[in-house]
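One structure below.
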Amino acid sequence: MAATVTHDTLTTDSEQVFDKKTWMGGVEPMKVSYGKLMMWFFLISDTFTFSALLVTYGLIRYSYPAWDPAIYGEVFKFSNLYWPTPEKVYNSLPFLHGLDLPLIFVGIMTFILIFSSVTMVLAVEAGHRMDRKDVEKYMLWTVLGGITFLGSQAWEWSHFIHGTETGTTISELVNGQTIQRTIFGANLVENQYGPPAFADLFFFITGFHGTHVFSGVVLNILIFYRAATGLYEKRGHYEMVEKVGLYWHFVDLVWVFVFTFFYLV
């Protein structure tokens, strides 16, 4: 029987054998299923979107000066002349009215979201062990973490929109006359805390991320329900838990960058 060797293919009169290291189609590339591969493609494309938003924030942020006590006075005041200091904007906690607690609440939010990422890892690991009860338990904890984060973000938005009790007084030129008025809180048109762009970017970027978290919570609830009804046990694998886990980890990772840009820079 004659045999010829051409590139990575060994051909005989009766059979053709391909080198397993070469992807010839019809099999899983790099031992990754089609579903997980498509999830990675989606996450990569979403990375570009978040990157564009954060780069835009950085460019606008540094087009404004920072507060300088030598120029604007020793006592910090909100003004549209300079970019607000995050510690002065995000310094409140629910049920602790009047206390100055800079970045404590957003730190708690960040811990909750990261903790939910840990429970998601445990859910994926339980799926690898085909442990249905553990998958249910850790998926439920992940769902609760996501809902708690969304509730916390809703409170933060509410406080941001409502503003401080004293507000910020600004001067405007109307019909040739200078008038003063007090602004409370922030919206897409005016902003007590500083330039209007600060509020616009806050609402858009944190809202965009919050939409991702909400979508992740809905997906996690669906996965929890299907795991609880034994669907994945019948299939013989819990790959869907791993696919949704990739999305949830991405959402958590993006929040680290949002937190850095908005609350620390």
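First residue of the sequence shown: 112, per the numbering used here; consecutive thereafter.
Each residue gets a CB set at the ideal place from its N, CA and C atoms; glycine is no exception.
None of the values given here were measured: they were computed from a predicted structure.
Going by other Cβ atoms of all chains shown within 10 Å of its Cβ, with 16 needed for buried, is residue i buried or exposed?
i: Ala-237; result: buried
i: Asp-363; result: buried
i: His-208; result: exposed
i: Ser-203; result: buried
i: Gly-262; result: exposed
i: His-118; result: In this prediction, His-118 scores a pLDDT of 45, lower than 50, which makes its location untrustworthy; the coordinate-derived value is nonetheless stated afterwards. That one is exposed.
i: Leu-312; result: buried
i: Ala-297; result: buried
i: Val-166; result: exposed
i: Met-112; result: With a pLDDT of 45 at Met-112, under the threshold of 50, the modelled position of that residue is not reliable, and the figure given next carries that caveat. Flag for Met-112 reads exposed.
i: Phe-206; result: exposed
i: Val-300; result: exposed
Could you give the distance in angstroms between the alpha-carbon of residue i and the alpha-carbon of residue j?
i: Gln-291; j: Gly-305; result: 16 Å
i: Val-228; j: Ala-308; result: Checking the displayed sequence, the identity of residue 228 turns out to be Ser instead of Val. Distance between the alpha carbons of Ser-228 and Ala-308 is about 32 Å.
i: Leu-255; j: Gln-288; result: 54 Å
i: Val-367; j: Ala-338; result: 30 Å
i: Phe-159; j: His-323; result: 15 Å
i: Ala-163; j: His-320; result: 13 Å
i: Trp-151; j: Val-217; result: 29 Å
i: Asp-179; j: Val-376; result: 15 Å
i: Gly-356; j: Leu-233; result: 10 Å
i: Phe-370; j: Thr-293; result: 29 Å
i: Gly-327; j: Pro-213; result: 29 Å
i: Leu-251; j: Ala-310; result: 34 Å
i: Pro-176; j: Phe-372; result: 16 Å
i: Met-351; j: Met-220; result: 27 Å
So the beta strand (DSSP E) residue i belongs to, where does it begin and stop?
i: Thr-289; result: 288–294
By the DSSP assignment, the alpha helix (DSSP H) with residue i in it spans what residues?
i: Glu-198; result: 197–200
i: Ala-177; result: Taken as a continuous stretch (DSSP letters only), Ala-177 belongs to no alpha helix (DSSP H), as it is neither H nor E.
Using DSSP bridges, identify the partner residues of residue i.
i: Trp-194; result: Ala-177
i: Asn-302; result: Ala-297
If you measure from the beta carbon of residue i to each beta carbon in chain C, is any gap under 8 Å?
i: Ser-174; result: Absent from the structure is chain C; it holds one protein chain and no more.
query: Unbroken alpha helix (DSSP H) runs of length 4 or more, entirely within the region 322–365: which are they?
result: Within the region 322–365, the complete alpha helix (DSSP H) runs of at least 4 residues are 342–346.
- prompt: Which runs of the alpha helix (DSSP H) fall wholly inside the region 221–283 and span at least 4 residues, in chain order?
  reply: Listed in chain order, they are 243–273.
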